[in-house]
Structures are given as C-alpha cells and as structure tokens.
Amino acid sequence: MKIYFAGSIRGGREDAALYQQIIEYLNTFGVVLTEHIGDPQLTDLGDDGPTDRFIHDRDLEWLQSADVVVAEVTTVSMGVGYEIGRAVESGKKVLCLFRPDSGKNLSAMIAGCPDLELVKYRNLDEAKTAINESLKN
31 MKIYFAGSIR GGREDAALYQ QIIEYLNTFG VVLTEHIGDP QLTDLGDDGP
81 TDRFIHDRDL EWLQSADVVV AEVTTVSMGV GYEIGRAVES GKKVLCLFRP
131 DSGKNLSAMI AGCPDLELVK YRNLDEAKTA INESLKN
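So the sequence shown is numbered by the numbering used here: it starts at 31 and just counts up by one.
This is how it looks when you write it as structure tokens:
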C-alpha cells in the first residue's frame, strides 16, 4: 500500500515529532511516500525542494500514486487542505486526525466534508488505533 501522509510544514513545525511517530506507524502498513514530513531538520521555510514548483509537482505526483491519504490536521496548513481537497476530488480514501485538546480550531471544510473520515484523538495511541481501524477496512 502506498500512503501519502500530510502534515504542516510552512504552517508550523511544532508537531514534527508527532508526525515522525505517526509515519513510523504508517510504515507498518506500507510505503509512506512523504516520510520527509516528520524530519526534524525540515523547517517552516519549506526547504524540501529546490523550488515551489518542484515541490508542488513532486507532491502531486506522490498524491496521485497513493492508495490512501492520512493527514494530521491540528496545525492549520493551506497545503494540507489543498492536498486533502485534491485527494477527495480524485476519490481517494482520506483519514484526517485532529487533536481537539490542542486549543486550535478545525476548519469547517474538513469537519463538514462527508467524503473523508475524521477522527479526533488525544494521544499517539489513539491515533494508532484510528489508523489501524481505518486502514484495515
């Protein structure tokens, strides 16, 4: 299974360590195409490619080749929202993970979308349970 993991880069990197833990767990289900999202060296400058166009085209190619999208949506990110929208539009299975205890607001465009699965969680173990249930179905 090819998995596209989406998490904030330019919107903020405060959850990078959590992203890395989620990515490690996702690797037990298949190949994570976007492992760099959890890289602690990646900054909010989005320095994961030589140009914005390169990043867009590369990531879109990965997104289109993925079987499933898992997105951590607690940290607001226009890029993650864009990726989710493109995935939903192309009929891909999308799991969004959100931590309500973060004090952040979830976008109505994610919360109200009937074409994705949204799971609210409190800790990594709950995220793993949600991933397990979603990807096994």
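Beta carbons are placed, not taken as given, at the ideal position from N, Cα and C, and that holds for glycine.
Computed from a predicted model, the values in this text were never measured in an experiment.
| Check | Outcome |
| --- | --- |
| Simplified DSSP assignment, three categories, for L148 | strand |
| Within 9 Å, strictly: CB atoms of S137 and V106 | yes |
| Among I85, A141, T58, V61, nearest to I39 - alpha-carbon criterion | I85 |
| Inter-residue Cα distance where the pair is I33 and T81 | 24 Å |
| Which residues DSSP lists as bridging I33, in chain order | V62, V98 |
| Close Cβ partners of V62 (< 7 Å) along its chain, the five nearest in sequence each way excluded | I33, F35, I53, L56 |
| Alpha carbon of Y151 to alpha carbon of C126, nearest angstrom | 10 Å |
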